[in-house]
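Residue numbers (numbering that gives the first Met the number 0), protein chains in the order written: chain A, 0 to 335; chain B, 0 to 335. Where a beta carbon is used, it is the ideal one built from N, C-alpha and C, also for glycine. Note that the coordinates shown come from a computational prediction; the quantities given were computed from them, not determined experimentally. Below is one structure; the comments refer to it alone.
2 protein chains.
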Amino acid sequence: MTGIDEVAREAGVSTATVSRALRGLPNVSEHTRASVQAAAAKLGYVASSSASGLASGRTMAMGVVVPSLSLWFYATVIEGVDSVLRAASYDLILFNLGGRGADRERVFHRTILRKRTDALIALCIDFTADERHQLASTGHPTIVVGGAVRGLRHIDIDECGVAKQATEHLIALGHRKIAHLVGSWQMGLTRQVPVQRRKGYEQALAQAGIPLRPDWVITGHFNMASARRAMSDLLGRTGERPTAVFADSDEMAMGAILAAHDAGLRVPQDISVIGIDDHELAESFGLTTMAQNPFEQGALAARMLLDELHGTVARRRSVRYPVTLAERASTAPPAH
Amino acid sequence: MTGIDEVAREAGVSTATVSRALRGLPNVSEHTRASVQAAAAKLGYVASSSASGLASGRTMAMGVVVPSLSLWFYATVIEGVDSVLRAASYDLILFNLGGRGADRERVFHRTILRKRTDALIALCIDFTADERHQLASTGHPTIVVGGAVRGLRHIDIDECGVAKQATEHLIALGHRKIAHLVGSWQMGLTRQVPVQRRKGYEQALAQAGIPLRPDWVITGHFNMASARRAMSDLLGRTGERPTAVFADSDEMAMGAILAAHDAGLRVPQDISVIGIDDHELAESFGLTTMAQNPFEQGALAARMLLDELHGTVARRRSVRYPVTLAERASTAPPAH
DNA sequence: TTGAAAGCGATACCAA
DNA sequence: TTGGTATCGCTTTCAA
């Protein structure tokens, strides 16, 4: 409840000086700053964010739009963003598009137009032309993490190349019967992720002269349960069975491993599994994977936006984040 | 960029009327409201949150303090909170205490004292006396989800009773060699959760006349990987082995199931497993569990605070959320 | 280095 | 039902 005037009175200076002293601005004598800080501490004063936001035009908050919180990738990007914002004293406003009762439009109304945030990070979101127009018109710095998006800066990985590399890893081990556990595309999300990964898988097969078997391309929702079901279904079929699976995410890969166990198969002796992500459980599962680093991708996105807000750096361009193969125990040459 | 005055000019009314019309307040003729809305739409006007926050004293945002995002319980509570806030046009400001670079103090500074939020929901946080004092002094409605906390309202479950019931379920099946996978307490979090669950386990054993075996009380960090390790360690020991395990969380229970598989044991034939939560993967794992409903707990917390802010309801008291046994395939009578 | 005062953009009270 | 206007609490020129 304490206002700036009370601090000013207590310290015997003007409110202008209090403001400067407390924000660490230059041109304040050390003596003055000390007594202002003392007065503020004594009175328990902290500036109201609404007031300073209104006066300065900066909200010191950043919006993060996510499709859901239940996938490891999203949660981890958020933690990366958060780690940077925290250090910069920015608040994180979370807009969750997923779940029960989603309404995408309001996000725009609330964060962008209401100016509750200074910048926006969107995860895997595919903006409509209209949405991009609104974003642009507000001058709100924006960046997308996890997928290329038309007309917006983004941080992404080489989706196609990563999928290709994963598949090639299996091929190099000697596999030729390789299934692909595809992550299903969701309305409103970047289409590039599933599409490009599928493409990389197909390219790798084609280059190795392996014919594509559409019945071995199965779908999950990027999570463990659905992948486990899809994989169980595949393994339960009569006829030839793949000796390896490439999954679009580690959560799906782990689902595949569980499905293999359910079917009485050993990994990697009976079937090899490779994923994408380097999930926190990947090590526990001995999962070979294409390691991307969502935490760092989130942190990088936040840093880029902060730099831009501080005017430290000219508007930076899109970034392609490197991915590396993390070889563990879930992949091996096929049995004869 | 459009301000309220421009809308007022466009609609040919005063700013006061624009404000009333747009917020849906009474005492505005339908004709006026319509033309104001038209003008606002035409100009793309949306009120600035800083300005209205300053003028009205309401920020239309709620803070949510979480220990981390990587546990299912926390993420799910957040989604429950979010679903309610969204419907009420409130924004969710996320304060993550966990992870790299945590600093708890700043949370208070930023959200509570800076008045960025109208209310606060804390998950499993144990506030210090000082923190509670600060909270009280601001009149910021606060509620804790997931654990009783001294001097603050909370939503919790009967930790002790739930643990007892879970253990009793195993005993009723005929088990007498029952291990307990305890979730480790973390600095700053409610101590009640691990303590009470341990107590319930011990009570159930005592009532059944089963002596406690301290070497069968093992610890994990509420997650799968650590529980899998702890359980593998237990199963790898020479000598007698438990026929059942009660885990403090489903994530740990799933870790135990995986450890059992790693050890070549079948669940439930060789070892029964029961958890607490009803995790989204519980069904996939056939896990028997004490189902609490974090989504609803979060939603309820948000609703209670909104009611309080709206003055609809007198300050509500703490709530004890009901937990039910969800029996699946991971528990069965012990083999002879 | 410090202070005075003019905003920032709404809301809300009081009149009309 | 509407309009005028003081006010919210801080930031930021501009002078001193």
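At a beta-carbon threshold of 8 Å, the residues of chain A lying near B/Met223 are Leu280 and Ser283, ordered along the chain. Look at A/Lys41: its C-beta is not under 7 Å from any C-beta on chain B. For B/Gln202, same chain residues with a beta-carbon under 6 Å away, outside a window of 5 residues either side, are Lys163 in chain order. A contact between stretches requires three or more CB pairs, one per stretch, nearer than 8 Å, and the segment 186-196 of chain B meets this requirement with the segment 145-162 of chain B. Taken atom to atom, the span from the alpha-carbon of B/Asp129 to that of B/Gly138 is near 15 Å. Residue A/Arg105 holds the alpha-carbon nearest to the alpha-carbon of B/Ala86 among A/Arg105, A/Ala301 and A/Asp90.
In the displayed model, B/Gly219 falls within a strand according to three-state DSSP.
Residue pairing for A/Asn95: DSSP places it in a beta bridge opposite A/Val65. Put simply, the segment 141-155 of chain B touches the segment 291-311 of chain B. At least three CB pairs are less than 8 Å apart. Residues of chain A whose Cβ lies closer than 7 Å to the Cβ of B/Glu104 do not exist; the shortest such Cβ separation is about 11 Å. Residue pairing from DSSP leaves B/Phe294 without any beta-bridge partner. Closer than 7 Å to the CB of A/Ser231 there is not a single CB belonging to chain B.
For B/Leu119, the enclosing beta strand (DSSP E) has its first and last residue at Ala118 to Leu122. Cβ-Cβ separation between A/Ser283 and B/Lys114: approximately 43 Å, too far for a contact (criterion under 8 Å).
Non-local beta-carbon contacts of B/Gly235 in its own chain, meaning distances under 8 Å to residues more than five positions away in sequence, involve Ala262 in chain order. Listed along chain B is no residue with a C-beta nearer than 9 Å to that of A/Thr218; the closest approach is about 17 Å. Within the segment 143-167 of chain A, the complete beta strand (DSSP E) segments at least 3 residues long are 153-155, listed from N- to C-terminus. Comparing alpha-carbon positions, the option among B/Ile77, B/Leu119 and B/Arg32 lying closest to B/Thr58 turns out to be B/Leu119.
Using a Cβ-Cβ cut-off of 7 Å, A/Ile92 counts as an interface residue toward chain B, since at least one Cβ of chain B sits closer than that to its own. Close to chain B, meaning a Cβ-Cβ distance shorter than 7 Å, are the following residues of the segment 42-65 of chain A: Val45, Ala46, Ser47, Ser48, Ser49, Ala50, Gly52, Leu53 and Thr58.
Ranked by how close their Cα comes to the Cα of B/Thr287, the residues B/Val148, B/Ser34 and B/Ala165 have B/Ala165 in first place. Taking 9 Å as the upper bound on Cβ-Cβ separation, chain B lies near no residue of the segment 16-41 of chain A. One alpha carbon belongs to B/His309, the other to B/Ile77, and they sit about 21 Å apart.
Exclusion of the five residues before and after B/Ala290 leaves Asp277, Thr323 and Ala325 as the residues of its chain whose Cβ lies within less than 6 Å of its Cβ.
Contact between B/Leu264 and B/Ile273 is ruled out by a C-beta separation of about 16 Å, above the 8 Å threshold.
Remark: C-beta atoms of A/Leu96 and A/Pro66 approach each other more closely than 7 Å. A/Val80 places its beta carbon 7 Å or farther from that of A/Gly285.
Chain-order list of chain A residues neighbouring B/Asp247: empty, with the shortest C-beta distance near 18 Å, by a criterion of under 8 Å. For B/Ile77, the C-beta contacts it makes with chain A under 7 Å involve Leu68, in order along the chain. When C-alpha distances from A/Asp125 are compared across A/His174, A/Ser82 and A/Arg190, the shortest belongs to A/Arg190. Sorting A/His335, A/Ser329 and A/Leu299 by C-alpha distance to the C-alpha of A/Val318 places A/Leu299 at the top. Along the length of the segment 206-283 of chain A, whole alpha helix (DSSP H) runs at least 4 residues long occupy 223-235 and 249-261, reported in chain order.
Neighbours of B/Arg240 across chain A, judged by C-beta separation under 8 Å, do not exist; the nearest C-beta is about 21 Å away. Going by beta carbons, A/Cys123 and A/Leu70 fall outside the 7 Å limit. In this structure, A/Ala207 sits away from A/Gly219, with a CB-CB distance that is not shorter than 7 Å. Going by beta carbons, B/Ser231 and B/Ala258 fall inside the 7 Å limit.
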